[in-house]
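Below you'll find the structure, written out as structure tokens, and then a few comments.
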Amino acid sequence: MSGPAREHRVGQAFVALADTLVDDYDIIDLLDQLVGHCVDLLDADAAGLLLADGGGQLRLVAASSEDAQTTELLQLQADEGPCLESYRTVGQVRVPDLAEMSARWPVFAAAVQRAGAFRSVHAIPLRLRGQAIGALNLFHGVPGALPEADLALGQALADVATIGILSERAVRRGEVLTEQLQTALNSRVVVEQAKGVIAQRLGLPMDAAFDRLRRFARARNLRLAEVARRVVAGELDPAGLGSRGSRSPQ
Amino acid sequence: MAELGTVTRALLGMVRDGDDERALAGRICRACVDGLDVDGAAISLFTAHDSRQTLWATDAVAELLEELQFALGQGACMEAATTGRPVLVADVHRPADTVRWPIFAAAVVDQTPVRALFALPLQWGAVNLGVLDLYRATPGGLSDPQWRDARGAVDTAALMILGLRTDPDAGVDGAGGWLDHTTGHRAEIHQATGMVLAQLGIGPTDALARLRGHAFAHQRPLIDVARDVVARRMVFTEDMI
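So the sequence lines, in the order shown, correspond to chains A and B. Everything in the first sequence is counted per the numbering used here, starting at 21 for the first residue and increasing by one. Everything in the second sequence is counted per the numbering used here, starting at 135 for the first residue and increasing by one.
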């Protein structure tokens with residue numbers, strides 16, 4: 021991507037994110053859009069976002085791709101990997117090649133190797149008052165460290181995620197963080213359950229099921245987590261979510 | 135930062151001995167009072183839309199808090215249960231903190247020594263199991279590490295209660311155990327729960343119970359069974375175990 025073209029898209033991305041940060045926005049939806057921007061602006065092949073639960077375990081809340089391998093690579097990092105290190109050290113972690121990955125995190129590196137699609141990984145912390153609440157993970161199909169400017173942009177996107185999680189009323193109250201993190205993590209569980217219901221009922225792969233859910237929520241300006249809850253509770257028939265290509269969100 | 139809090143650690147260390155929800159709730163409540171800066175705790179369950187029961191309260195004040203909310207139909211715990219979000223009140227004497235349930239707040243001020251109130255939903259996705267209520271006689275929030283601990287504890291407690299409800303052979307030595315904290319949050323488990331729910335036309339708790347039952351009967355890890363379901367290598371039917 022050339023300089024001016026990218027600058028323009030960076031601007032658009034932040035405007036779009038700012039638009040999302042209005043009253044009563046859905047955290048999962050925001051984070052989902054954010055990982056999409058990461059892939060787009062940082063030329064990543066996949067991106068994911070993990071948040072720490074109350075037990076300090078990293079849990080997956082958003083991924084640019086719903087395929088099993090990417091999900092696995094992200095989930096694995098609850099135990100070891102660049103994300104966990106980024107979270108623990110509250111710093112950026114650059115892993116430009118597979119060899120370095122193997123030396124530091126053998127299990128994670130083996131999984132990356134098996135997946136075959138990625139050659140370098142970066143992790144950027146979601147920072148809050150000198151601590152981390154989670155980490156953003158970028159996967160590239162080519163080896164090499166990201167340029168500083170890209171890392172800075174990645175950090176800016178991670179900061180937007182932190183702001184989004186805290187919301188405007190954030191300020192210094194620990195309890196707000198508690199509320200928001202717990203809600204975000206649980207929303208993700210509902211979304212996963214709803215994806216399963218839709219995949220089963222409509223005979224769709226998981227990513228297509230998620231797509232239906234997302235389109236339906238955005239087209240009607242509903243919260244993703246609420247639509248998901250209704251699907252799981254049987255109040256909303258997956259058949260009523262519409263088909264691919266019906267009513268585009270914008 | 136990643137260090138486990140006192141209460142979370144205590145809960146994770148609890149050995150499962152039977153399938154009595156009341157006894158489990160008692161142990162969870164006591165661990166909270168021991169490890170957090172609170173004076174009392176209670177767990178109330180929401181079995182269906184209109185049915186609720188207080189499983190355990192550590193003292194008379196904690197019990198009264200639950201009763202007041204059920205009687206008045208409003209309060210921090212009721213709000214946490216219906217919204218699925220934690221409700222944290224640093225001082226019930228400060229009107230700004232209690233605008234959403236003024237009658238309940240007035241009753242608390244009137245009838246109890248309670249100043250701070252924290253209601254944390256026990257939930258697993260779309261499943262609302264109930265609420266863990268904590269109170270303190272002095273105002274103020276909890277420290278950051280304590281909040282983290284409370285979050286970890288309520289999360290663990292939800293999995294423990296869910297474990298009791300969905301385990302096929304509850305309490306048999308070493309056979310049952312809790313729903314594992316790490317695999318309990320894997321995306322595939324939730325996706326498979328959704329798929330089995332649709333396959334059998336049952337609720338999410340029952341769907342998870344069927345997955346766990348199958349895993350146990352065939353001595354396979356739950357995550358493997360979930361992956362088979364997601365990959366459509368396996369479909370649950372009514373008469374299948």
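C-beta atoms are modelled at their ideal positions from N, C-alpha and C, and glycine is treated no differently.
Each residue's CA atom was taken as its position, placing Glu27/A and Phe34/A some 11 Å apart. Going by DSSP, His324/B is part of the alpha helix (DSSP H) stretching over 321 to 334.
With respect to the C-alpha of Asp362/B, the residue from Glu372/B, Thr327/B, Ile336/B having the closest C-alpha is Thr327/B. CA-CA distance, Gln257/B to Val59/A, rounds to 32 Å.
Against chain A, the CB of Glu137/B has a partner CB under 8 Å away; the residue lies at that interface. By the Cβ neighbour-count rule, Thr188/B is buried, with 16 or more other Cβ atoms within 10 Å of its own. Per DSSP, the beta bridge partners of Val221/B are Ala253/B. DSSP places His142/A within a strand segment (E or B) once states are collapsed to three.
With the rule of 3 Cβ pairs closer than 8 Å, the stretch 222 to 231 of chain A does not count as touching the stretch 230 to 237 of chain B.
Among the CB atoms of chain A, one or more fall inside 8 Å of the CB of Trp258/B. Taking all protein chains shown into account, Pro102/A has 16 or more neighbouring C-beta atoms within 10 Å of its C-beta and is therefore buried. Taking Ala284/B as the centre and dropping the five residues before and after it, the same chain places the C-beta of Gly139, Val141, Cys166, Leu170, Phe252, Leu254, Leu268, Leu276 closer than 8 Å to its C-beta, in chain order. In this structure, DSSP gives Val132/A a helical state, which the three-state scheme calls helix. Nearest in C-alpha terms to Ile47/A, of all of Asn206/A, Asp63/A, Gln112/A, is Asn206/A. Scanning Gln213/A, Arg108/A, Arg147/A, Glu100/A for the CA closest to the CA of Ala130/A turns up Glu100/A. Within chain A, no residue has its beta carbon less than 9 Å from that of Thr216/B; the closest one is some 12 Å off.
When Cβ-Cβ separations below 8 Å define contact, Thr203/A makes contact with chain B.
Scanning chain A for C-beta atoms nearer than 8 Å to the C-beta of Met329/B yields Gly216, Val217, Ala219, Gln220, reported in chain order. Under the Cβ criterion of 8 Å, Arg346/B is not counted among the residues facing chain A. Around the C-beta of Ile218/A, 16 or more other C-beta atoms lie within 10 Å, and the residue is accordingly described as buried. Think of a sphere of 7 Å around the beta carbon of Gln353/B: no beta carbon from chain A falls inside it, the nearest being about 23 Å out.
Contacts with chain B at 8 Å (Cβ-Cβ) do not include Val55/A. Bridge partners of Val113/A according to DSSP: Ala143/A. Look at Pro338/B: its C-beta is under 8 Å from a C-beta on chain A. Interface annotation, Met121/A: not in contact with chain B, CB-CB separation never under 8 Å. Secondary structure at Ala178/A: helix, using DSSP grouped into helix, strand and coil. Restricting attention to Gly75/A, Arg221/A, Gly23/A, the CA atom closest to the CA of Leu146/B is found in Gly75/A. The alpha-carbon of Gly184/A is positioned some 33 Å away from that of Gln133/A. Proximity to Met329/B across Gly150/A, Leu78/A, Pro258/A peaks at Pro258/A, based on C-alpha coordinates.
In the displayed model, Asp301/B falls within coil according to three-state DSSP, outside both helix and strand. For the stretch 159 to 183 of chain B, the full-length beta strand (DSSP E) segments reaching 3 residues or more read 174 to 180 along the chain. Taken through DSSP and simplified to helix, strand or coil, Thr290/B comes out as helix. Listed along chain A are Thr198, Glu199, Gln202, each with a C-beta nearer than 7 Å to that of Pro220/B. Annotated as distal: Val195/B and Val149/B, with beta-carbon spacing of 8 Å or more. Here the stretch 144 to 158 of chain A lies against the stretch 51 to 69 of chain A, with 3 or more beta-carbon pairs under 8 Å apart. Taking the Cα positions, Ala205/B is about 55 Å away from Leu171/A.
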